[in-house]
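Peer 1: Numbering (my numbering), first residue to last: 30 to 176.
No residue lacks a Cβ here, since even glycine has one placed at the ideal position from N, Cα and C.
1) Report the CB separation of residue 134 from residue 37 in whole angstroms; it is logged as a contact under 8 Å.
2) DSSP beta-bridge partners for residue 61?
3) Nearest CA to the CA of residue 31: which residue from 67, 62, 111 and 77?
4) Going straight from the alpha carbon of residue 74 to that of residue 119, what length do you get?
5) Could you spell out where the beta strand (DSSP E) holding residue 164 opens and where it closes?
6) Sorry if obvious, but does the Cβ on residue 144 come closer than 7 Å to a heavy atom of the ligand ADP?
7) Can you have a look at residue 102 and say buried or exposed, based on whether 16 or more other CB atoms are within 10 angstroms of its CB?
8) May I ask which residues mark the beginning and end of the beta strand (DSSP E) holding residue 134?
9) Which whole-angstrom value is the C-beta distance of residue 93 and residue 72, which I expect to be below 8 Å?
10) I'd like to know whether the C-beta atoms of residue 81 and residue 41 end up nearer to each other than 8 Å.
11) Can you tell me whether residue 176 is buried or exposed, with buried defined as 16 or more other CB within 10 angstroms of its CB?
12) Can you tell me whether residue 123 is buried or exposed, with buried defined as 16 or more other CB within 10 angstroms of its CB?
13) How about the segment 101-115 and the segment 141-151: do they share at least three Cβ pairs that are nearer than 8 Å?
Here is the structure:
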């Protein structure tokens, strides 16, 4: 299991968000060989990726209450459907139920020239904070605002 934290500085002890996830590797395969298109994906390996918000945040215009959520995604060639779901501590996407979704929206996929061997999640702060996801050449980001 790996974690990404925001703020990213170790000097700041009061975190806004922590993502806990497993990092699948390409191991000579392509992203499309591992992640099926148009199906719910756990957004990592093993357990579903989880995010914990320590304060309310706003994502895509919706206020998300502080708490813990699973992150699921549905991938196609042009975009990602990003899903926050109330069910936590679950294995994979096998018990995913859309009625537990609290947020669902589409974001564009960008392609990078550099391939990432391991699936990666990181926080970055440009004009505002965002969660960056990447694997192989695929990248997408989810901007958010701490309230």
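Peer 2: Inspection of the coordinates gives the following:
1) At roughly 24 Å, the Cβ-Cβ gap does not stay under 8 Å, so residue 134 and residue 37 are not in contact.
2) Residue 61 is not bridged to any residue.
3) 77
4) 12 Å
5) 158-172
6) For the structure depicted, the ligand ADP is absent and the ligand set is empty, with no information on it obtainable.
7) buried
8) For residue 134, the enclosing beta strand (DSSP E) begins and ends at 130-137.
9) Not quite, the Cβ-Cβ distance comes to about 16 Å (not below 8 Å), so this is no contact.
10) no
11) exposed
12) By the neighbour-count criterion, in which a residue is buried when 16 or more other Cβ atoms sit within 10 angstroms of its Cβ, residue 123 is exposed.
13) no
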